[in-house]
Amino acid sequence: MAHLLRRLARREAGNIMVEFALALPVLLLMTVGMFDLGRYGLQKSAILEGARQGAQYAVLAYSGATSASSSDSTAVNTTAQNATGLSGVTASNSLFCECQAGTAVACTTTCSSGTLKRYVTVTTSKSFSSVVGKSSLDLGSFGKWTPPTSMSASITMIVP
Numbered sequence: 625m626a627h628l629l630r631r632l633a634r635r636e637a638g639n640i641m642v643e644f645a646l647a648l649p650v651l652l653l654m655t656v657g658m659f660d661l662g663r664y665g666l667q668k669s670a671i672l673e674g675a676r677q678g679a680q681y682a683v684l685a686y687s688g689a690t691s692a693s694s695s696d697s698t699a700v701n702t703t704a705q706n707a708t709g710l711s712g713v714t715a716s717n718s719l720f721c722e723c724q725a726g727t728a729v730a731c732t733t734t735c736s737s738g739t740l741k742r743y744v745t746v747t748t749s750k751s752f753s754s755v756v757g758k759s760s761l762d763l764g765s766f767g768k769w770t771p772p773t774s775m776s777a778s779i780t781m782i783v784p
């Protein structure tokens with residue numbers, strides 16, 4: 625019996641399978657995490673580009689205007705949504721003004737301290753569904769990780 629145990633102890637034929645079985649869950653978790661992070665990064669970049677394109681369109685549409693018309697506002701939002709190339713994107717925009725000193729005022733007022741500055745802000749947002757799911761992952765002593773469920777981007781530009 626002792627001879628059989630010594631012979632089995634020297635054999636290493638199954639070690640690589642055991643090591644692979646132990647490492648596989650960690651490798652899969654890392655791969656899925658990198659895939660999810662890549663998806664999030666690409667969609668976040670598209671959301672930001674949509675907000676940027678919408679703001680550039682708004683600068684042209686609101687040039688010289690004291691208020692945003694509903695048709696211009698709808699066109700800005702549609703431009704921002706279409707520029708992302710994603711579905712399920714919502715966009716909003718707002719036109720606001722301030723005097724040279726930084727005091728927020730209505731766009732129809734005249735500033736006593738200088739010129740009136742007009743700005744437009746375009747915000748795009750979208751929900752994000754992680755491959756991991758909506759639940760938190762408990763990483764033991766490292767804490768918990770909850771995947772993001774939404775993303776948004778906002779761009780503010782000066783309107784001439």
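When the letters of the sequence shown are read in order and numbered with our numbering, they come out as residues 625 to 784. Note that beta-carbon positions come from the ideal geometry of N, C-alpha and C, so glycine has one too.
Segment contact, 8 Å Cβ cut-off, at least three pairs: the segment 723-742 with the segment 754-763: These segments do not touch.
Delimiting residues of the beta strand (DSSP E) encompassing F720: The sequence position of residue 720 within the sequence shown is 96, counting from 1. Where F720 is concerned, the enclosing beta strand (DSSP E) stretches over 714-722.
K750 classed as buried or exposed, judged by whether at least 16 other C-beta atoms fall within 10 angstroms: Walking along the sequence shown from the start, residue 750 turns up at place 126. K750 counts as buried, since no fewer than 16 other beta carbons sit within 10 angstroms of its beta carbon.
Three-way DSSP call (helix, strand, coil) for Y743 in this model: Taking the first residue of the sequence shown as position 1, residue 743 is located at position 119. In this structure, Y743 counts as strand in the three-state DSSP scheme.
Range covered by the alpha helix (DSSP H) that runs through M654: Numbered from its first residue, the sequence shown carries residue 654 at position 30. That run of the alpha helix (DSSP H) goes 639-685.
Residues near K741 by beta carbon distance below 6 Å, same chain, minus five either side: Here residue 741 refers to the residue found at position 117 of the sequence shown. The answer, listed in chain order, is E722.
Under the three-state DSSP convention, the category S778 falls into: Numbered from 1 along the sequence shown, position 154 holds the residue referred to as residue 778. Under the three-state reduction of DSSP, S778 is assigned to strand.
Own chain, CB closer than 8 Å to T708, minus 5 neighbours either side, in chain order: Taking the first residue of the sequence shown as 1, we reach residue 708 at position 84. When the five nearest sequence neighbours on each side are left out, the beta carbons in the same chain lying within less than 8 Å of the beta carbon of T708 are those of A670, I671, E673, G674, T748, K750, in order along the chain.
Cβ pair L651, Y686 closer than 8 Å: For the purposes of this step, residue 651 is taken as the residue at position 27 of the sequence shown. For the purposes of this step, residue 686 is taken as the residue at position 62 of the sequence shown. Cβ distance not < 8 Å, so L651 and Y686 don't count as in contact.
T773 (DSSP reduced to helix, strand or coil): On the sequence shown, residue 773 is found 149 positions in, with the first residue counted as 1. T773: coil per DSSP, three-state reduction.
Chain-order list of residues whose beta-carbon lies under 8 Å from that of Q680 (same chain, five-residue window excluded): Within the sequence shown, the letter at position 56 stands for residue 680. Excluding sequence neighbours, Q680 sits near M781.
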